[in-house]
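One structure below.
Residue numbers (the numbering used here), protein chains in the order written: chain A, 36 to 506; chain B, 35 to 533.
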C-alpha cells in the first residue's frame with residue numbers, strides 16, 4: 036500500500052519547528068504528529084492512502100488563518116481540510132503530505148435565523164445532526180448524500196454533494212447562501228449573503244461550493260432552509276420492458292408536483308439484490324425498477340400518490356406497491372440500501388463512478404454499460420438517481436486478478452468517454468479529486484484547464500491548499 | 035491463540051473488507067468524545083491492518099492506547115456495511131499485544147485478579163472481597179458497595195415454579211429458604227437439590243424437552259440461571275428478582291454453585307487463557323442438568339457467552355462441544371420471555387403500586403434477535419425488553435432520543451475513567467431531556483455507570499437506576515417492589531466500576 040512509501044518520502048519533509056508552532060498555537064492536545072495517529076488520517080473512502088505529517092484541530096477562523104500562515108512560513112507546507120473523510124474522490128487525502136486540518140471539533144450550530152429561514156453552522160457538523168436539529172424546529176435541509184449520517188456539511192459543501200432528494204430539491208449548491216473562507220494566503224473572507232437575490236461581483240459562494248477543498252478552508256457556512264414536509268409515502272414499481280419503465284419515470288418528472296425521490300435500479304442491480312434481499316411485502320424483479328417518493332402535507336401526499344399510481348399503471352408495470360406506513364417504507368428503503376452490500380459477491384474491488392447524463396440519455400447509457408460489461412467480461416452493476424441522470428456505475432473486480440483490474444480500468448475509460456459524448460458530467464456528486472483527474476481532458480481543453488488553474492492561483496498563489504487535486 | 039485456519043477463514047481478516055467509508059464514526063462512543071480518529075473503529079481497523087501487514091513499524095504501546103479505549107460496545111459492528119468484525123479484531127489485537135507486552139502494574143490487573151481468585155473460592159462473595167476497596171483507594175473514587183450477601187450459595191439451588199418462593203422470606207420452599215438463610219449467614223438448612231430432586235433436574239431427556247408435567251399436572255419449564263459477578267456479589271437482589279420473575283411464571287430455576295465470572299473482563303484485556311478457563315468452568319457448571327434454557331439478566335454476560343465463547347475455542351478442542359452447547363442455551367432474560375410466549379405460555383401481568391414514568395437504557399450488548407419484529411409500542415421503543423414492559427401496568431416508558439452508550443464498557447471504565455464519565459455525561463443529556471422518574475436498564479455495567487451521577491446531576495439530586503426485571507418482579511407481587519438497587523444512591527452516588 037501507499038502508506039509506507041509516503042512515510043519514507045515524507046519523514047524529513049516537515050520541519051519539527053512547525054509542529055512546535057502548532058502546539059504553541061493550539062495546545063498539544065489539538066495537534067497529532069505520531070505515526071500511529073497519522074495513520075488514522077491517511078485514508079478516505081477511496082482505496083488510496085497518503086500519510087500526513089501532522090493533524091491539527093482548529094476551533095475558529097482565526098486559528099485556521101494562523102495555521103495557513105504558519106504553513107506558508109515553513110516551506111509552503113501543504114494543507115488539506117478534512118471532515119469525516121468519507122469522500123469517494125480523494126478530496127481529503129494529503130497527496131503531498133503536510134497538514135490535515137480536521138474540522139471535527141468545529142461542529143456547532145451558530146445561528147438559526149427563523150425569520151429569514153437560514154441556518155449558520157461550522158463546517159464539522161454532521162449532515163444528519165443538522166437535519167435532526169432542524170427537524171425538531173419544523174425545518175428541513177434537503178441535500179441527502181448517501182453518507183449523510185456521517186459526512187460533514189463542510190465536506191458536503193466542498194464536494195457539492197447531492198442525493199435522492201435532488202430530483203425535487205436540488206443539491207448542496209442550491210442551499211449555500213454565504214461562506215466564511217480562509218484563503219491560501221491566510222486571509223479571512225466572507226462571501227454571499229442571506230438574500231435570495233445577490234448580484235455584486237462574481238458569485239464566489241458558488242465557486243467555492245464544489246471546489247473540492249482546493250480554493251480555501253471554510254469556517255462558517257450559511258444554508259438556506261425550508262419548512263419540513265409533514266408526510267411522505269413511497270411507491271416501488273418495476274417493469275419488464277426497459278423503455279416502458281423509462282417512459283413511466285419521464286412522465287412523473289413532467290408533473291407539476293414531481294416526486295421528491297426517483298431512485299432506479301437497472302437489470303444488473305435488480306439481479307444483485309434479488310438473491311440478497313428477502314421480503315414478504317415487496318418483490319424485486321423485472322428489468323427496470325424504481326422507487327418514487329411523494330412528500331408534502333398528508334393531503335397532498337395522498338393526492339400525489341394516487342396521481343403517480345394512475346400514470347405508472349398506464350405503462351403496465353409487473354409489480355407496484357405503495358405505502359405510507361413507516362414499517363413498509365423501511366422495507367422499501369432497505370431494498371435500495373441492500374445494493375451496496377449485495378455487490379460484494381461480484382468481487383472485492385469496486386471501481387465506483389458517479390457519472391451523470393442528460394435524463395433522456397439514460398437508456399442509451401444503460402445499454403452501453405451492458406455492452407461494456409459483456410465486452411470486458413466483468414460485472415458492471417448500475418443504479419442511481421433517475422431525476423438527475425446520475426448513475427452509480429460499479430465495476431466489480433477481483434483485487435488479486437491483475438488482468439481483470441486492467442480490464443476494469445479500460446472499461447472505466449470507455450464509460451467516461453461515452454458519458455462526455457452524451458453531453459454528461461464525469462462526476463455527479465463525488466467530485467474529481469484524485470480519482471478522475473486524468474479524465475478531465477476528455478471533457479476540457481487546455482484553455483479551459485488553464486482558466487481553472489488561474490482561478491486557483493488567485494486564492495492560493497503558493498498552491499498549498501489541497502494540492503494535486505482536480506488538475 | 036486461536037486456531038490459525040479458523041482465524042483466517044472466519045473473521046480475523048475482516049479488516050481487509052474495510053473500505054474506510056466512515057459510517058462507524060458517529061456511533062462510536064470513544065470517537066464521539068475527542069472526535070479524533072485515532073480512537074475510532076475505522077482508525078483501529080487501519081492500525082490492525084498495518085500491524086498485521088507489517089506495513090509500517092508501529093509501537094505496541096501506542097497501538098494499545100487506541101485499542102484500550104474501545105468499549106467493545108459493538109455499535110460499529112452492527113452498522114458496518116461490509117461486515118468488518120471490529121470487536122473481534124480489537125480483541126485479537128489485544129491478545130497479541132498482551133502476549134508480547136510486559137504487563138505493568140495496573141488497577142486493571144488487580145481487578146482481574148480479584149475476579150479470578152474469587153472464582154476459586156466458589157464465587158461466594160464476588161467482587162467485594164478484594165478489588166472494590168483497592169480500586170477505590172487507587173483511583174481515588176468510590177465504587178459501589180455490595181448490597182447484602184452474595185446470591186449464589188455454596189451449594190446448587192433449585193427454585194420451584196410458582197411456590198411460596200416470592201411471598202416472604204419465611205416461606206416454606208426449602209431451597210429458597212435455604213438460600214435466604216444462607217444469605218443471612220445461617221448455614222445448615224440448605225439442601226443440595228441438584229442430585230436429590232428427581233422431579234426437576236435429573237429427568238430423562240425426553241421428559242424435559244421444552245415442557246414437562248409436574249406432580250400437579252402443570253407444565254413446567256426448567257431454566258438455569260447465570261447471575262454474573264455483579265448481580266451475584268454487588269446487587270444480589272437483581273438475581274432474586276430475576277428468579278422470582280421466572281418462578282412466578284411457572285419456571286423452575288436451577289442455580290449451580292460452580293458458576294463464575296463470564297470472562298468478558300479478561301478477554302477484553304487480552305487474557306484469553308483466563309477467559310477460556312472461566313468459560314469452561316461455566317459450561318461445566320450447567321452441564322448434564324437437562325436444562326431447557328439458561329437465562330441471564332446481564333446483557334454483557336450474554337454478549338460474552340453467546341457471541342465470544344465459541345470464537346476462542348478451536349472446533350477440534352475436546353471442550354468445544356460443551357462450550358458450544360452452553361453458549362447456545364444461554365439467553366438474555368427478555369428473549370427468554372418472548373420465547374416462552376411463543377411456546378404458548380402466558381406471561382403474567384403485574385401492577386405497580388404507583389404509576390411510574392421511566393426510560394429504558396438499551397445496553398449496547400442487548401442486541402435483539404435479527405428476526406425480532408416489534409409488536410407493541412414498548413417493543414418498538416426498546417426491543418424485546420418491551421415485551422416485559424408491556425406486562426407492567428402503571429409503567430410508562432418514555433423514549434430516549436439517541437440511545438447513546440452509557441460509557442461503561444467494562445474494563446474501559448477502569449482504564450479510562452475520565453473518558454467514560456464524559457460518555458456518561460452525554461448519556462444523561464438525553465435522559466434529562468426525557469425527564470423520567472427513574473432509569474431502567476438490564477446490564478451490570480450500565481447500572482454502574484448510570485449510578486455514577488456525581489458531577490452530572492445537581493448536587494443532592496439523584497435519579498434512581500433499576501433493572502427492569504426488578505420492577506417486574508415487584509409488580510407481580512402487587513406490593514412495594516424490590517428496591518433492588520436504588521437504596522445505595524443516597525450514600526453512594528459516586529459509584530463507579532467493578533468489572
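Glycine included, each C-beta is placed from N, C-alpha and C at the ideal position.
{"Check": "Close beta carbons around residue 60/A, own chain, < 6 Å, minus the five adjacent residues each side", "Outcome": "101"}
{"Check": "Nearest candidate by alpha-carbon position, reference residue 269/A, set 369/A, 241/A and 223/A", "Outcome": "369/A"}
{"Check": "Residue 139/A: contacting residues in chain B (beta-carbon distance under 7 Å)", "Outcome": "69"}
{"Check": "Stretch pair the segment 449-461 of chain B + the segment 372-384 of chain B: three plus CB contacts closer than 8 Å", "Outcome": "no"}
{"Check": "Contacts around residue 285/B, its chain only, beta-carbon distance under 8 Å, and the 5 residues preceding and following it disregarded", "Outcome": "195, 254, 255, 256, 257 and 374"}
{"Check": "Contiguous beta strand (DSSP E) assignments of at least 3 residues, all confined to the segment 79-117 of chain A", "Outcome": "89-91 and 114-117"}
{"Check": "Straight-line gap, residue 186/A to residue 389/A (C-alpha atoms, nearest Å)", "Outcome": "17 Å"}
{"Check": "Bridge-paired residues (DSSP) for residue 286/B", "Outcome": "256/B"}
{"Check": "Assigned secondary structure, residue 329/B (DSSP; H/G/I helix, E/B strand, else coil)", "Outcome": "strand"}
{"Check": "Residue 448/B (DSSP reduced to helix, strand or coil)", "Outcome": "helix"}
{"Check": "Rounded C-alpha distance that separates residue 350/A from residue 197/A", "Outcome": "29 Å"}
{"Check": "CB contact check: residue 12/A to chain B, cutoff 8 Å", "Outcome": "Nothing can be reported for residue 12/A, as the shown portion of chain A is limited to 36 through 506."}
{"Check": "Distance, residue 464/A Cα to residue 126/A Cα", "Outcome": "12 Å"}
{"Check": "Contact between the segment 218-226 of chain A and the segment 154-170 of chain A (3+ Cβ pairs under 8 Å)", "Outcome": "no"}
{"Check": "Pairwise C-alpha distance: residue 348/B and residue 220/B", "Outcome": "Bear in mind that a pLDDT of 30 at residue 220/B, under 50, signals an unreliable position, so the number given afterwards is only what the model happens to contain. Answer to the nearest angstrom: the Cα atoms are 44 Å apart."}
{"Check": "Residue 174/A - DSSP class collapsed to helix/strand/coil", "Outcome": "strand"}
{"Check": "Cβ pair residue 109/A, residue 53/A closer than 8 Å", "Outcome": "yes"}
{"Check": "Minimum C-alpha distance to residue 325/A - residue among 362/A, 289/A and 279/A", "Outcome": "279/A"}
{"Check": "Where the beta strand (DSSP E) containing residue 268/A begins and where it ends", "Outcome": "266-274"}
{"Check": "Rounded C-alpha distance that separates residue 205/A from residue 58/B", "Outcome": "27 Å"}
{"Check": "Residue from 297/B, 464/B, 382/B and 103/B whose Cα sits closest to the Cα of residue 449/B", "Outcome": "103/B"}
{"Check": "Collapsed DSSP secondary structure at residue 426/A in the structure displayed", "Outcome": "strand"}
{"Check": "Burial state of residue 329/A (16 or more Cβ within 10 Å)", "Outcome": "buried"}
{"Check": "Any chain A beta carbon closer than 8 Å to residue 156/B", "Outcome": "Note on residue 156/B: pLDDT 38, under 50, position unreliable in the model; the coordinate value appears next. Not an interface residue."}
{"Check": "contact_flag[the segment 261-276 of chain B, the segment 473-482 of chain B] where n(CB pairs < 8 Å) is 3 or more", "Outcome": "yes"}
{"Check": "Every unbroken alpha helix (DSSP H) within the segment 227-294 of chain A, with a cutoff of 4 residues, ordered by chain", "Outcome": "239-243 and 277-288"}
{"Check": "Closer than 8 Å to chain B by CB, residue 193/A", "Outcome": "no"}
{"Check": "Which of helix, strand or coil DSSP assigns to residue 323/A", "Outcome": "strand"}
{"Check": "CB of residue 78/A within 8 Å of CB of residue 80/B, strictly", "Outcome": "yes"}
{"Check": "Within 8 Å, strictly: CB atoms of residue 128/A and residue 497/A", "Outcome": "no"}
{"Check": "Close Cβ partners of residue 238/A (< 6 Å) along its chain, the five nearest in sequence each way excluded", "Outcome": "none"}
{"Check": "Anticipated Cβ contact below 8 Å, residue 423/B with residue 431/B, distance rounded", "Outcome": "6 Å"}
{"Check": "Sub-8 Å separation of residue 400/A and residue 416/A beta-carbons", "Outcome": "no"}
{"Check": "Partner residues on chain B for residue 106/A, Cβ-Cβ distance less than 8 Å", "Outcome": "Within chain B, no residue comes near residue 106/A; the closest Cβ sits about 21 Å away, beyond 8 Å."}
{"Check": "Residue closest to residue 200/A, alpha-carbon to alpha-carbon, out of 466/A, 421/A, 449/A and 439/A", "Outcome": "421/A"}
{"Check": "Helix, strand or coil at residue 472/B [DSSP, three-state]", "Outcome": "strand"}
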